[in-house]
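The opening position of the sequence shown corresponds to residue 2 in the working numbering, with each subsequent residue numbered one higher. Since the structure comes first, as structure tokens, the remarks are kept for the end.
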Amino acid sequence: MKFKNPYKDKKWFKYLGNKYVWVLLFFIVWMLFLDNYSYFDHRFLDEQIHELEDNKKYYQDEIKKDQEQIKQLKNPEQIEKYAREKYFMKKDSEDIYIIQFEGDTIQEKE
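What follows is the structure, encoded as structure tokens:
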């Protein structure tokens, strides 16, 4: 007596019984999850690339700002102004008074 498969005439069984479908499914699963160059690894690396490109743009903008500041500091008057504002430098004949308010952004060195 020969056993007859009841699912043999079903449409889905014809597809799942095909060896090429199994090879294709194996290939898709391998490429999505198991391979070194899987889809998910590519997504992660693409996110890193976008983040690095944003950092590159930010640093290029900062370089432009610094170059403008360097151009300004070639003028002796601008150097004096910068030294007075940032480092509280003064001429010999001057007195400097630093006035601090509550909540001031300049913090004292402890």
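The beta-carbon is built from N, C-alpha and C at its ideal position, and this holds for glycine as well. If you're wondering where the values come from, they're calculated on a predicted model, not measured in any experiment.
For Ile80, the secondary structure class from DSSP, reduced to helix, strand or coil, is helix. DSSP places Ile71 within a helical segment (H, G or I) once states are collapsed to three.
Each residue's CA atom was taken as its position, placing Asp93 and Tyr60 some 39 Å apart. Per DSSP, Ile100 lies in no alpha helix (DSSP H) segment and is marked neither H nor E.
Within the model, the alpha-carbon separation for Ala84 versus Asp62 is close to 24 Å.
The three-state reading of DSSP puts Tyr16 in helix, counting H, G and I together.
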